[in-house]
Amino acid sequence: MKILGNEEDPRIYRFTTAGSEAPAHFCVINDTHVKWEPFGLAINKIATLAPQCVIWNGDTSNVEETIEAQTRIFLKPEIERADYAAETPYLFCPGNHDSRGMANRHLEKVWMYRQPEERASRDWDLGRNFAVRMGEVALIGLDTAEDKLDTNPLFAGLFNSAAYREAQVTWLNDALQRPEIASAPYLVAFCHIPLFESNPRYNPGDVAPADKDPQYTHDFAMWQRTCAQLWCPLLEKAGCQLIITAHQHQYRYDAPTQERCWAQIIGGGPEMGFSGSGENRRERPELFPTVIEGRVVNGKLLVQIHNLVSGKVQDSFEFTRR
Ligand SMILES: [Fe+2]
Ligand SMILES: [Fe+2]
């Protein structure tokens with residue numbers, strides 16, 4: 000007997016979650032902002048690279064008010080490959096836009112939180128943090144939260160990012176000591192807002208009470224000094240080699256220094272080689288979306304930056320074991 004509307008879908012999709020036996024091979028996308036052209040290009044690139052998992056490093060959204068809008072972003076995107084996350088697990092680090100709008104206040108209805116069983120009861124509210132072993136690499140997911148202070152009148156008291164960032168310190172401390180994380184030769188962390196900045200004109204996100212200071216180019220965090228002060232000592236003690244961030248919409252590599260053992264890679268934004276539109280359109284070849292690919296080859300972590308406008312590898316970096 001057939002009950003109309005309940006036919007079994009003949010397509011079967013399957014994937015295996017990561018683990019110490021999995022090949023160490025990940026990809027990162029970020030700042031997709033519901034822009035279908037760059038998102039489609041990123042998903043096509045990922046399909047050819049075939050990683051074990053993808054990290055979606057925030058600003059998936061803009062301001063989403065309905066579950067329908069979220070469904071369109073995460074479950075039925077308007078791109079060629081509708082099977083985009085069907086056979087590759089996706090990990091999520093939220094961006095500042097991912098908590099904006101009525102529906103995004105409860106994004107877990109569409110993109111579920113991680114299972115509470117995987118962390119101590121103290122950390123049950125930290126549903127977005129992850130510490131996952133994948134072959135020789137340990138992947139750490141952190142949430143930098145909003146890009147304005149809780150006291151900024153624009154937010155009308157809606158957010159409590161300060162306490163949330165602090166709560167992640169004890170979680171991170173414990174996660175780094177888990178045997179499968181501590182024993183991984185490579186430690187790579189992910190979060191949306193950068194944790195290092197050399198441009199003194201870029202707002203560090205701690206300008207009370209309303210993020211305004213004429214010495215800075217923007218009235219919001221271009222990087223997150225508070226998160227850097229909270230989390231980086233722990234990551235440095237653990238020998239973290241690389242932190243992959245996003246948010247600035249321009250690809251950049253910050254090499255490690257004497258004082259900072261980790262490199263930072265900032266993924267590109269959704270702009271396809273130009274900014275503005277109509278009369279304001281300007282060529283901006285430095286603006287291109289990226290897929291950041293990391294894989295362990297002959298015992299070394301090789302990270303390649305795929306430029307989605309040129310279709311070429313923009314940069315390659317090699318990291319050694321911690
Ligand atoms: Fe963004
Ligand atoms: Fe952002």
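Sequential numbering of the sequence shown, starting at 0, is according to numbering that gives the first Met the number 0.
Even for Gly, the Cβ is constructed at its ideal location relative to N, Cα and C.
The structure displayed is predicted, hence computed values, not measured ones.
Beta-bridge pairing of residue i - partner residues as DSSP gives them
i	result
Ile242	Ala188 and Gln263
Gly293	Phe25 and Val302
Gln317	For the sequence presented, residue 317 should be read as Glu rather than Gln. DSSP, once it has assigned bridges, lists Leu301 as partnering Glu317.
Val131	Leu138
Phe273	Glu282
Val308	Per DSSP, none; premise fails for Val308.
Asp253	Gln263
Buried versus exposed, by CB contacts within 10 Å (16 or more), residue i
i	result
His105	exposed
Thr15	exposed
Gly268	buried
Thr150	exposed
Ala81	exposed
Ala162	exposed
Arg118	buried
Val131	buried
His217	exposed
Pro203	buried
Leu194	buried
Cβ separation of residue i and residue j, assumed to be a contact under 8 Å, to the nearest whole Å
i	j	result
Glu135	Ala245	24 Å between Cβ atoms; not a contact.
His305	Val290	4 Å
Asn61	Cys92	So it is not a contact: roughly 17 Å between Cβ atoms.
Ala144	Ser160	4 Å
Ala207	Leu148	6 Å
Arg164	Thr225	6 Å
Ala166	Leu125	6 Å
Arg177	Gly238	With 8 Å as the limit, Arg177 and Gly238 do not qualify as a contact, their Cβ atoms being about 15 Å apart.
Contacting residues, own chain, Cβ-Cβ under 8 Å from residue i (five flanking each side not counted)
i	result
Ile45	Cys26, Ile28, Val53, Tyr83, Thr87 and Val290
Glu235	Arg259, Cys260 and Trp261
Arg127	Phe91, Cys92, Pro93, Tyr112, Arg113, Gly140 and Asp142
Lys211	Asp218
Leu233	Val168, Leu171, Asn172 and Leu175
Residues near residue i by beta carbon distance below 7 Å, same chain, minus five either side
i	result
Gln51	Ala17, Ala21, Pro22, His24, Phe25 and Met133
Thr78	It should be noted that the sequence gives Ile, not Thr, for residue 78. Once the five neighbours on either side are set aside, the close Cβ partners of Ile78 are Trp35, Phe38, Gly39 and Ile42.
Asn103	Ser60, Glu63 and Asp97
6 Å Cβ shell around residue i - same chain, five flanking residues per side excluded
i	result
Glu292	Cys26, Leu48 and Gln303
Ala137	Ile180, Ala183 and Leu186
Ile265	Pro193, Thr244, Gln247 and Arg251
Phe158	Glu145 and Asp149
Pick out every residue whose C-beta is nearer than 5 Å to a heavy atom of ligand 3: which are they, in chain order?
-> Looking for ligand 3 in the displayed structure turns up nothing; the ligands present are ligand 1 and ligand 2.
Quick check for students: name the residue ranges of the beta strand (DSSP E) that lie wholly in the region 148-210, counting only runs of 3 or more.
185-189
Next item on the list: Scan the region 15-58 and note each continuous beta strand (DSSP E) run of 3 residues or more that stays entirely inside, going in chain order.
Entry: 24-28 and 52-55
Pick out the complete alpha helix (DSSP H) segments inside the region 48-122, 4 residues or longer, and give them in chain order.
66-73
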